[in-house]
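Novice: Structure provided below as structure tokens; questions to follow.
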Amino acid sequence: GDDNSGRKVITFSCCRMPPSHQLNHTRLLEYLKYTLDQYVENDYTVVYFHYGLKSLNKPSLKWLQTAYKEFDRKYVSKIFVLPSIIFKSLLTISFSFPRYKKNLKALYVVHPTNFIKILWNIFKPLISHKFGKKITYLNYLSDLREHLKYDQLNIPQEVIRHDENLRGKQKGKLPPVVKVPPPRPPLPTQQFGVSLQYIKDKNKGELIPPVMKETVSYLKRKGLQVEGLFRRSASIQTIKDVQKLYNQGKSVNFDDYHDIHIPAVILKTFLRELPQPLLTFECYDHILGITSVESSLRVTRCKQIIQGLPEHNYVVLKYLICFLHMVSQESIYNRMTASSLACVFGLNLIWPSKGTASLSALVPLNLFTELLIDFYTNIFNSRTVPGE
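To convert, note that position 143 of the sequence shown is 143 in UniProt numbering; the numbers rise steadily by one, no gaps.
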């Protein structure tokens, strides 16, 4: 899933770890590296569920030393390595080596033990202050809701039951059911969290939502050659403030914020908060099948899938991909190739109707998005929509 700033979230659950004698730790190391490599070029967040780490399933110190040596050779790092008993192998990889640490923006440690906190305080002087600020301890699962899209997380039942037991012990009884007030109706000027049709109806039939038109227009003028465009995050509070202005129908002048990444994040946030993805739930399975299509026929298959979109979705998608194609044409300056943009926008354009996309789904989703960007002219040249 994503956090509240649109950064990808990687979760690690200790209770899912089998006994050490049953686990191939070499394969574990490769899997962790493979998973992190999907995200480390962009800003990302890690959620670490500590419950379930026991002496039976802890990796040995010898294995962690091997992991350190491998990353030390590859990334030439001499930075302090956290002890295994705190954050296990995940932290050995993620937070001790510059390549993985650079774009890590937040680490949430859920259900920490006192032992973890004590050890952290012991080794805190050896860790940079900047990195230390990224770590947040959360005693209960509900605390995660403040920071990310909780419902998107795949949380093991064991962790949920442990959380309920902790709350029961704290209060002497299980937590009461909290009544959630009914959602408020959207404002007439609402831009975020409402359908494309709603925005169109409230904006005199305009097909391109105002927030999209304004962010794309601004980035075309001032952001095309900015290195790492769409890879960087922005102040969470600033993003909330800008969203509020748009939802209230007030004007937004991005020059006032002196940060080119704010309109970039706003554009991604708008897409991510649509009730249905721009590529629609109906297209999800078709897009997953793109990797089974012969390479020479993939562009044609993309075109077929796009032709099946509702007219409004097609027009908005065409507008967006045209812009992303322009961004990719400036990759010599901004280093955002079609492949890089696809990694950022793939899951902002399409996601499953239930749950979250699996790691294996990322390959076809990103490939499909990359083909749209690379072959924009070919894919979008044969359909014209009235009012486009």
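All C-beta atoms in this analysis are idealised placements derived from N, C-alpha and C, irrespective of residue type, glycine included. All figures in this text were calculated on a predicted structure; none of them were measured in a lab.
For Ala264, which three-state DSSP category applies?
Specialist: Helix.
Novice: Helix, strand or coil for Val226? Go by DSSP, reduced to three states.
Specialist: Note: Val226 maps to coil in three-state DSSP.
Novice: For the pair the stretch 331–340 and the stretch 312–323, tell me if three or more CB-CB distances fall below 8 angstroms.
Specialist: No: the two stretches stay apart, fewer than three of their Cβ pairs being nearer than 8 angstroms.
Novice: Gln197 to Glu227, Cα distance in whole Å?
Specialist: One C-alpha to the other measures close to 34 angstroms.
Novice: Where do the ends of the alpha helix (DSSP H) carrying Tyr198 lie?
Specialist: Where Tyr198 is concerned, the enclosing alpha helix (DSSP H) stretches over Leu196 to Lys202.
Novice: In this structure, how does DSSP classify Lys354 when only helix, strand and coil are distinguished?
Specialist: Reduced to three states, the DSSP call for Lys354 is coil.
Novice: Around the Cβ of Gly205, are there at least 16 other Cβ atoms within 10 angstroms (buried) or fewer (exposed)?
Specialist: Under this definition Gly205 is an exposed residue.
Novice: CA-CA distance, Lys303 and Thr238?
Specialist: Answer to the nearest angstrom: the Cα atoms are 38 angstroms apart.
Novice: DSSP beta-bridge partners for Tyr319?
Specialist: Beta-bridge pairing links Tyr319 to no other residue.
Novice: Report the residue from Pro156, Glu282 and Ile199 whose alpha carbon sits nearest the alpha carbon of Tyr246.
Specialist: With distances taken between Cα atoms, Tyr246 lies closest to Ile199.
Novice: Following the continuous alpha helix (DSSP H) through Tyr108, name the residue where it begins and the one where it ends.
Specialist: It is not in any alpha helix (DSSP H) - Tyr108 instead sits in the beta strand (DSSP E) that spans Leu104 to Val110.
Novice: Could you give the distance in angstroms between the alpha-carbon of Asn103 and the alpha-carbon of Ser20?
Specialist: Each residue's alpha carbon lies about 30 angstroms from the other.
Novice: In this structure, does DSSP put Thr92 in helix, strand or coil?
Specialist: A caution first: Thr92 carries a pLDDT of 47, below 50, which makes its placement in the model too unreliable to give a value.
Novice: Who does Ile135 pair with in a DSSP beta bridge?
Specialist: Note: Ile135 sits in a beta bridge opposite Leu107.
Novice: Are the CB atoms of Ile321 and Phe380 nearer to each other than 8 angstroms?
Specialist: Taking 8 angstroms as the Cβ cut-off, Ile321 and Phe380 qualify as a contacting pair.
Novice: In whole angstroms, give me the CA-to-CA distance for Arg16 and Asn154.
Specialist: Computed Cα separation, rounded: 12 angstroms.
Novice: Do you know how far the Cα of Asp43 is from the Cα of Ile10?
Specialist: In a straight line, the C-alpha of Ile10 is about 11 angstroms away from that of Asp43.
Novice: Measuring alpha carbon to alpha carbon, tell me which residue in Leu107, Pro18 and Gln22 is nearest Tyr48.
Specialist: For the residues Leu107, Pro18 and Gln22, the minimum Cα distance to Tyr48 belongs to Leu107.
Novice: Taking the alpha carbon of Thr280 as the reference point, which residue from His111, His258 and Ile305 has its own alpha carbon closest?
Specialist: It is Ile305 whose Cα lies nearest to the Cα of Thr280.
Novice: By the DSSP assignment, the alpha helix (DSSP H) with Ser233 in it spans what residues?
Specialist: Ser233 -> no alpha helix (DSSP H), and no H or E assigned at all.
Novice: Can you tell me the Cα-Cα spacing of Ser292 and Leu367, whole angstroms?
Specialist: Looking at the two C-alpha atoms, the distance is approximately 12 angstroms.
Novice: Buried or exposed for Tyr31, please, with buried defined as at least 16 other CB atoms from any protein chain shown within 10 angstroms of its CB.
Specialist: So Tyr31 counts as exposed.
Novice: With contact counted as at least three CB pairs below 8 angstroms, one residue from each stretch, are the stretch 181–190 and the stretch 256–264 in contact?
Specialist: Result no; under three Cβ-Cβ pairs closer than 8 angstroms.
Novice: Give me the Cβ distance between Lys117 and Tyr137, rounded to the nearest whole Å; I'm assuming they're in contact under 8 angstroms.
Specialist: The Cβ separation is near 7 angstroms, so the contact holds.
Novice: Helix, strand or coil for Ser251? Go by DSSP, reduced to three states.
Specialist: Note: Ser251 maps to coil in three-state DSSP.
Novice: In terms of alpha-carbon separation, which member of Gly346, Glu311 and Pro209 lies closest to Pro364?
Specialist: With distances taken between Cα atoms, Pro364 lies closest to Gly346.
Novice: Roughly how many whole angstroms lie between the Cα atoms of Thr377 and Gln329?
Specialist: Approximately 13 angstroms, taken between the alpha carbons.
Novice: Nearest by alpha-carbon distance to residue 390: which of Val344, Phe254, Asp259 and Gly308 is it?
Specialist: Any question about residue 390 goes unanswered here, given that the chain covers just 1 to 388.
Novice: Since Leu359 is in the alpha helix (DSSP H), which residue starts that stretch and which ends it?
Specialist: Note, Leu359: alpha helix (DSSP H), Leu359 to Asp374.
Novice: According to DSSP, simplified to helix, strand and coil, what is Ser339?
Specialist: Three-state result, Ser339: helix.
Novice: Gln276 to Trp351, Cα distance in whole Å?
Specialist: So the two alpha carbons sit approximately 9 angstroms from each other.
Novice: For the alpha helix (DSSP H) holding Ser331, just list the boundary residues, first then last.
Specialist: Unbroken alpha helix (DSSP H) run through Ser331: Ser331 to Asn334.
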